[in-house]
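Chains as they are written, first to last, in our numbering: chain A, 1 to 194; chain B, 1001 to 1300.
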């Protein structure tokens, strides 16, 4: 239990996917103009990362490792994640239309989100078991959610700022993201259980 | 051998997923309105977000459920609106075309405070002691709007003021964003009468800074039969919903700041007509007054 909690805290704060590992920067910059859409994206990423962790762990443990194909992880995981997201999209559209419309275009966008592939590969690298993998996936997603919502709320205010012409839009957003990453470095020493 | 094995395993994996997805697409098939793909086809498909929705298919969904008008796509314009209207079985509401209009006709008539010799664009010019013009509202004529226009619809006229070519203008309003003085607004293309001044100074000041400035005298307001022009904040403004292009206001404007500017002959003619009308009215009033004084006499 202590392990699980330490993984969760690490994924959300210390090794935040955005600010410490720089994974999933594309959607982080792309859909962070409004808090509403940022929350939608964050929830969708959390959902897919949790699922992807589970499925890729199973595929790795019971397919790739026994067949001595561990070196094909990256390719196999991309395949699995892409198929999984497509399947989930169809399933949600039929069974849970409300959730489907809420996630909207973000769900298919996540197919190629590197944070999702990253979490799958990191699970293997860190030698997590099934439960740990799923926890790492979900909490990694929550970390993404936290980062993107914080960032979106700053960007909503940035609109009213008056930066020099050359810094308008993305440049000032990148500077902001850099400063936030710097702030998150404050967590890097945190080690709850010694 | 190892390579073949790897290719084989991944191919099989891919094939399994393909089958699962194919089955899923049948099992989880959702009945969508057949008009939806048609509307998506009629849209430009650039997913630019110009309509305010997340991409063309989202826009199509909103058109379908009626929460967006058939002409929701500003990029596709009238052509795609007509197609979508045909699909939806409604008439495309022919929203009137609007064009940009520069609310200044000062140019060389505006007094200069100093000769500006800096970077030749309007924003830079306004940064130097609030611009070279005495008028704090007028067109600087350095052509930031001309640069911003993608359609060659914006030019600096002979008098040094920016003007819009309504034929080429697409109402994208890039010029309005570029103009540091916020002089450019969107006006209905059928309306021909415009107040070409936004100087909010009091009459005396406004008069001193430019020969073509609106001084807020209110003659146009009195002249208008349709209640379409009003002086607010010392400057006249036209309510385009009420204006009928009668051009009465242009003829009484002492400052020639309402476009199209009336020629002196037109003004003279109008004055003569007004005078004749006034004389007639006066004569009638006198006659009535005479009758009034004559009438009570028998009763007394």
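Glycine is no exception: its CB is placed at the ideal position from the N, C-alpha and C atoms.
Note that this is a predicted model, so its numbers are computed, not measured.
For the alpha helix (DSSP H) that residue i lies in, which residues bound it at each end?
i: residue 152 of chain A; result: 130-158
i: residue 209 of chain A; result: Past the edges of chain A, shown from 1 to 194, lies residue 209 of chain A, and the structure says nothing about it.
i: residue 48 of chain A; result: 35-59
i: residue 85 of chain A; result: 73-95
i: residue 1213 of chain B; result: From DSSP, residue 1213 of chain B is part of no alpha helix (DSSP H); its letter is neither H nor E.
i: residue 180 of chain A; result: 170-184
i: residue 1077 of chain B; result: 1077-1088
i: residue 1144 of chain B; result: 1144-1148
i: residue 1242 of chain B; result: That residue, residue 1242 of chain B, is in no alpha helix (DSSP H); it is neither H nor E in DSSP.
i: residue 108 of chain A; result: 106-109
i: residue 1171 of chain B; result: Careful: residue 1171 of chain B lies outside any alpha helix (DSSP H) and carries neither H nor E.
i: residue 21 of chain A; result: That residue, residue 21 of chain A, is in no alpha helix (DSSP H); it is neither H nor E in DSSP.
i: residue 1250 of chain B; result: 1248-1252
i: residue 1292 of chain B; result: 1264-1294
i: residue 1343 of chain B; result: Not covered by the structure: residue 1343 of chain B. The range shown for chain B is 1001 to 1300.
i: residue 1059 of chain B; result: 1056-1064
i: residue 63 of chain A; result: That residue, residue 63 of chain A, is in no alpha helix (DSSP H); it is neither H nor E in DSSP.
Tell me, which residues are paired with residue i by DSSP?
i: residue 1154 of chain B; result: B/1164
i: residue 1100 of chain B; result: B/1186
i: residue 1258 of chain B; result: B/1195
i: residue 7 of chain A; result: DSSP lists no partner for residue 7 of chain A.
i: residue 1110 of chain B; result: B/1210
i: residue 1133 of chain B; result: B/1112
What residue range does the beta strand (DSSP E) around residue i cover?
i: residue 1038 of chain B; result: Segment 1035-1042 is the alpha helix (DSSP H) holding residue 1038 of chain B; no beta strand (DSSP E) there.
i: residue 1186 of chain B; result: 1184-1188
i: residue 1232 of chain B; result: 1229-1232
i: residue 1235 of chain B; result: 1235-1238
Thinking C-alpha only, which one of the options is nearest residue i?
i: residue 1175 of chain B; options: B/1167, B/1194, B/1193 and B/1151; result: B/1151
i: residue 1038 of chain B; options: B/1023, B/1143 and B/1063; result: B/1063
i: residue 6 of chain A; options: A/139, A/148 and A/78; result: A/139
i: residue 1190 of chain B; options: B/1116, B/1099 and B/1010; result: B/1099
i: residue 1243 of chain B; options: B/1188, B/1257, B/1167 and B/1022; result: B/1188
i: residue 1028 of chain B; options: A/62, A/95 and A/148; result: A/95
i: residue 1255 of chain B; options: B/1217, B/1248 and B/1183; result: B/1217
i: residue 1019 of chain B; options: A/70, A/65, A/75 and A/83; result: A/83
i: residue 1009 of chain B; options: A/98, A/75 and A/109; result: A/75
i: residue 106 of chain A; options: A/44, A/2, A/186 and A/174; result: A/44
i: residue 1 of chain A; options: A/86, A/144, A/168 and A/131; result: A/131
i: residue 11 of chain A; options: A/118, A/63 and A/88; result: A/118
i: residue 1114 of chain B; options: B/1140, B/1097, B/1104 and B/1103; result: B/1140
i: residue 1121 of chain B; options: B/1148, B/1144 and B/1138; result: B/1144
i: residue 1025 of chain B; options: A/120, A/93, A/180 and A/111; result: A/93
i: residue 1084 of chain B; options: B/1103, B/1283, B/1030 and B/1059; result: B/1059
i: residue 42 of chain A; options: A/62, A/137, A/186 and A/157; result: A/137
i: residue 64 of chain A; options: A/97, A/121 and A/135; result: A/121
i: residue 1306 of chain B; options: B/1226, B/1148, B/1015 and B/1257; result: The displayed coordinates of chain B run from 1001 to 1300. Any statement about residue 1306 of chain B would go beyond what the structure contains.
i: residue 1004 of chain B; options: A/69, A/37, A/60 and A/165; result: A/69
i: residue 1180 of chain B; options: B/1136, B/1223, B/1036 and B/1014; result: B/1136
i: residue 1133 of chain B; options: B/1294, B/1108 and B/1247; result: B/1108
i: residue 1226 of chain B; options: B/1210, B/1232, B/1245 and B/1291; result: B/1245
i: residue 1055 of chain B; options: A/109, A/61 and A/99; result: A/109
Taking just the CA atoms, how far does residue j sit from residue i?
i: residue 194 of chain A; j: residue 14 of chain A; result: Because the pLDDT at residue 194 of chain A is just 46, under 50, the model does not fix this residue reliably, and the value given afterwards should be weighed accordingly. For residue 194 of chain A and residue 14 of chain A, the distance between alpha carbons rounds to 14 angstroms.
i: residue 1207 of chain B; j: residue 1192 of chain B; result: 25 angstroms
i: residue 1045 of chain B; j: residue 1072 of chain B; result: 13 angstroms
i: residue 1158 of chain B; j: residue 1131 of chain B; result: 20 angstroms
i: residue 33 of chain A; j: residue 1074 of chain B; result: 22 angstroms
i: residue 163 of chain A; j: residue 1262 of chain B; result: 45 angstroms
i: residue 1090 of chain B; j: residue 1070 of chain B; result: 9 angstroms
i: residue 1078 of chain B; j: residue 1185 of chain B; result: 22 angstroms
i: residue 1300 of chain B; j: residue 1289 of chain B; result: Legend: pLDDT at residue 1300 of chain B = 47, less than 50; position of this residue unreliable, value from coordinates given subsequently. When rounded, the distance between both Cα atoms is 17 angstroms.
i: residue 4 of chain A; j: residue 1001 of chain B; result: 41 angstroms
i: residue 1129 of chain B; j: residue 1250 of chain B; result: 34 angstroms
i: residue 1117 of chain B; j: residue 1214 of chain B; result: 28 angstroms
i: residue 1097 of chain B; j: residue 1082 of chain B; result: 15 angstroms
i: residue 48 of chain A; j: residue 20 of chain A; result: 20 angstroms
i: residue 144 of chain A; j: residue 1040 of chain B; result: 33 angstroms
i: residue 39 of chain A; j: residue 1111 of chain B; result: 55 angstroms
i: residue 1047 of chain B; j: residue 77 of chain A; result: 29 angstroms
i: residue 134 of chain A; j: residue 1183 of chain B; result: 59 angstroms
i: residue 1171 of chain B; j: residue 1281 of chain B; result: 46 angstroms
Under 8 angstroms by Cβ, that's how I've got residue i and residue j pegged, so tell me the actual separation to the nearest angstrom.
i: residue 1235 of chain B; j: residue 1199 of chain B; result: 6 angstroms
i: residue 151 of chain A; j: residue 16 of chain A; result: That pair is no contact at about 11 angstroms.
i: residue 1219 of chain B; j: residue 1252 of chain B; result: 5 angstroms
i: residue 88 of chain A; j: residue 51 of chain A; result: 7 angstroms
i: residue 141 of chain A; j: residue 46 of chain A; result: 3 angstroms
i: residue 1161 of chain B; j: residue 1103 of chain B; result: That belief does not hold up - the Cβ atoms of residue 1161 of chain B and residue 1103 of chain B are roughly 10 angstroms apart, past 8 angstroms.
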